[in-house]
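Working notes, beginning with the structure itself.
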DNA sequence: GGGACGGTGAACAGAATGACCGTAATCGTG
DNA sequence: CACGATTACGGTCATTCTGTTCACCGTCCC
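Protein chains in written order, with my numbering: chain G, 498 to 719; chain P, 498 to 719.
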């Protein structure tokens with residue numbers, strides 16, 4: 498369970514964020530604060546993993562709160578949630594290590610995306626305590642900040658997705674052309690979905706050498 | 498010009514980092530420090546945009562230095578450079594807002610990649626002072642943390658590249674023909690990638706005499 | 001009923017590979 | 001020491017698949 502502290506000056510908004518958070522598996526809200534002072538108080542008594550922080554607070558700027566947190570040695574991560582479109586603020590937020598920055602108003606999908614990313618990130622850094630290579634570090638950073646996650650991006654149909662995935666699962670290892678032949682879709686479409694699977698880590702790509710001409714890419718279920 | 502402070506306890510390494518930095522257009526080194534105390538002193542007298550920070554320092558852990566910096570309100574960004582493979586350290590570094598994390602030893606290409614990314618990030622946040630939409634924020638984050646850019650020349654496939662490199666690493670010293678046999682590629686292809694590795698300084702070539710006929714070229718990982 | 005959007009496939013430029021072949025470098029022999 | 005036999009090198013080119021663009025069609029919303 499990832500323990501979340503929701504901080505927003507408007508009680509209604511804070512409640513909404515709490516509800517949003519609780520709709521996502523793996524997260525629990527351990528506190529709600531409406532001021533920086535309240536937030537600090539909660540942090541003194543509660544273990545908190547992630548702070549959902551509105552930067553606009555009545556007593557203090559949110560970034561100041563983060564600074565104070567860091568000075569105090571707190572390792573809590575911060576997801577900034579604000580309507581401020583000032584890039585200077587974004588830049589400072591980055592420097593202070595916010596995991597992400599959500600502009601209000603946001604959709605639940607966008608919110609869940611950031612939260613899912615964060616959960617995945619935590620799983621990665623918790624799973625092993627040592628890394629062997631630079632690219633593993635890169636993967637951790639990319640998880641937190643990279644492209645869109647598991648929710649199907651635009652242009653991908655759930656039904657087609659299932660079809661392609663099933664075909665791959667059944668055969669074990671197929672090229673885009675072979676998947677196309679088995680599912681009845683075009684190669685282009687098959688490739689689109691296979692590529693998504695690979696991107697999401699649910700399939701691995703490896704080249705197939707031997708014949709003349711450019712090598713084929715084989716996708717195998719992970 | 499992006500003003501860089503180089504921090505590393507070993508003078509030789511610090512000089513190397515300084516040289517690396519100065520090879521990249523748009524960056525200038527405004528200071529070199531060997532201890533956390535030195536670094537703080539420089540930061541008090543100099544405007545610094547980016548700190549190239551070795552986490553292993555004689556007087557204090559690098560992350561403590563970052564914490565102190567943040568507490569003091571410094572907005573300098575940090576690129577962590579360390580040989581520590583401890584993921585806990587990585588995690589803390591992320592929370593403190595390091596722009597990236599480079600494992601020693603690293604190639605100049607990897608270093609330049611991170612620096613270029615950072616320069617691009619700065620250009621983005623400086624160009625405009627306001628943002629209109631979430632996706633612009635996302636772009637800024639992705640610039641800083643996105644996946645590694647394929648610095649491979651055209652005609653070379655990343656997957657094949659990894660395959661060849663892995664084969665070489667595992668065996669220690671192989672000819673193009675032997676690599677071909679182990680990877681399933683043709684000799685021509687294997688040689689293409691081995692040549693690239695040699696060119697990039699990641700493998701060394703030495704002839705193998707003894708048998709009849711023209712000597713073979715043996716590639717060994719550098 | 002019209003417009004916008006989302007998903008698909010056909011066509012195309014070019015990217016990555018293997019086959020072929022002349023050339024280069026060594027060893028063995030007279 | 002010279003010369004032929006042998007073996008690998010290194011460049012060129014045909015081949016096949018990739019990845020992208022664009023037009024089409026259905027559907028949903030206004």
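In this text, a Cβ means the ideal position worked out from N, Cα and C, and glycines have one as well.
Contact with chain P by residue i, beta-carbon distance below 8 Å
i                      : result
residue 706 of chain G : yes
residue 702 of chain G : yes
Listed by chain order, chain G residues near residue i by CB distance under 8 Å
i                      : result
residue 681 of chain P : 706, 707
residue 572 of chain P : 588, 589, 592
Contact list for residue i against chain P, beta-carbon separation under 7 Å
i                      : result
residue 593 of chain G : 567, 594
Close beta carbons around residue i, own chain, < 6 Å, minus the five adjacent residues each side
i                      : result
residue 615 of chain P : 596
residue 612 of chain G : 521
residue 666 of chain G : 718
residue 672 of chain G : 713, 715
residue 531 of chain G : 506
residue 528 of chain P : 502, 539, 543
Closer than 8 Å to chain G by CB, residue i
i                      : result
residue 613 of chain P : no
residue 675 of chain P : no
Same chain only: Cβ atoms within 7 Å of residue i, ignoring 5 sequence neighbours per side
i                      : result
residue 608 of chain P : 517, 599
residue 491 of chain P : With chain P represented from 498 up to 719, any question about residue 491 of chain P goes unanswered, as that position is not in the structure.
residue 564 of chain P : 593
residue 538 of chain G : none
residue 568 of chain G : none
residue 662 of chain P : 694
residue 481 of chain P : Because chain P in this structure spans residues 498 to 719, residue 481 of chain P falls outside the shown range and cannot be described.
Cutoff 8 Å; reference residue i; Cβ partners in own chain excluding five residues on either side
i                      : result
residue 650 of chain P : 693
residue 689 of chain G : 652, 653
Check: residue i C-beta below 7 Å from any heavy atom of the ligand ADP
i                      : result
residue 675 of chain G : Absence of the ligand ADP from the depicted structure is noted, as is the absence of any ligand whatsoever, leaving it without description.
- [ ] Name, going along the chain, the residues of the stretch 540 to 568 of chain P whose beta-carbon falls closer than 7 Å to a beta-carbon of chain G.
- [x] Contact annotation: in the stretch 540 to 568 of chain P, residues whose CB is within less than 7 Å of a CB in chain G are 564, 567, 568.
Task: Members of the stretch 648 to 669 of chain P that neighbour chain G once the beta carbon cut-off is set at 8 Å - done: 654, 656, 657, 660
Open item on the list: Restricting to runs no shorter than 4 residues, where is the alpha helix (DSSP H) found entirely within the stretch 522 to 561 of chain P?
Closed with: Annotation: the stretch 522 to 561 of chain P contains the following complete segments of the alpha helix (DSSP H) (minimum length 4 residues), in chain order: 533 to 542.
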